[in-house]
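Take 1 as the starting number for the sequence shown in UniProt numbering and just add one per residue.
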Amino acid sequence: MSDASKPWPEPPAEWQARVDAVWAADPPAAELRERIAALAGELLEGHPVALFELGGSYDSTGDPETAVRHYRAAIAGGLDPDRRRQCVIQLASSLRNLGDAPRAVELLAAELHRADAPYDAQLRAFLALALADEGRVREAVGVAVGAVGSLAERYRRSLTSYGAELAPGFPAPPPVE
């Protein structure tokens, strides 16, 4: 039985509030990692949310290699759609920073097709960065313009159409109300 089929309990709201407080406090790198690790240790061993938070602590403190391992384990373990989308974005960003823009594009492009997932514009921004790193600048501009268009009240149709024209291989973003 894979970890993804294991029914992980949702962390308590007070636990998530304490995690959020650590991030908001923005402590020095070593302290951030230590505090997040202590909180992660309160959850069951291998809990995907703990792995996701650990990955973020390494990612934001300059250790993308370790972050990637945690992010992959978190995704494999099963995350709710909100955290999964964040984790894929952060994993792809770390891979891009490690020089693997093609894998980042692959992950982000696949993630665009997941239904009812949040952070669409953010995902598209990171996809645009990865495409640019691959030398696919025209597509990168198209994805970025489409993302901006989905957020715009005025010129939405024009921006999303122009974005789709420049990046025909990627689905148009849904409008954000």
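The beta-carbon is built from N, C-alpha and C at its ideal position, and this holds for glycine as well.
| Check | Outcome |
| --- | --- |
| Just mark His113 as buried or exposed, buried being the case when its beta carbon has 16 or more other beta carbons within 10 Å. | exposed |
| Would you report the Cα separation of Ala85 and Glu111, rounded to the nearest angstrom? | Here residue 85 is Arg; the residue named in the question, Ala, does not match the sequence. So the two alpha carbons sit approximately 8 Å from each other. |
| Does Asp26 pass the burial test, meaning 16 or more other C-beta atoms within 10 Å, or should it be called exposed? | exposed |
| Take Pro9 as the anchor and find which of Ala17, Leu91, Gly46 has the nearest alpha-carbon. | Gly46 |
| Whole angstroms are fine: how far does the CA of Val88 sit from the CA of Asn130? | Per the sequence presented here, residue 130 reads as Ala, with Asn not at that position. Each residue's alpha carbon lies about 13 Å from the other. |
| Going by other Cβ atoms of all chains shown within 10 Å of its Cβ, with 16 needed for buried, is Ser158 buried or exposed? | exposed |
| If you draw a straight line from the C-alpha of Ala109 to the C-alpha of Glu31, how long is it? | 35 Å |
| Report back the beta-carbon spacing between Ala121 and Leu151 to the nearest angstrom; my notes put them in contact at under 8 Å. | 6 Å |
| Go to Trp8, then tell me how far its alpha helix (DSSP H) extends in each direction, as first and last residue. | No alpha helix (DSSP H) holds Trp8; DSSP gives it neither H nor E. |
| For Pro102 and Arg96, I'd like the C-alpha separation in whole angstroms. | 8 Å |
| Please state the DSSP three-state secondary structure of Pro28. | coil |
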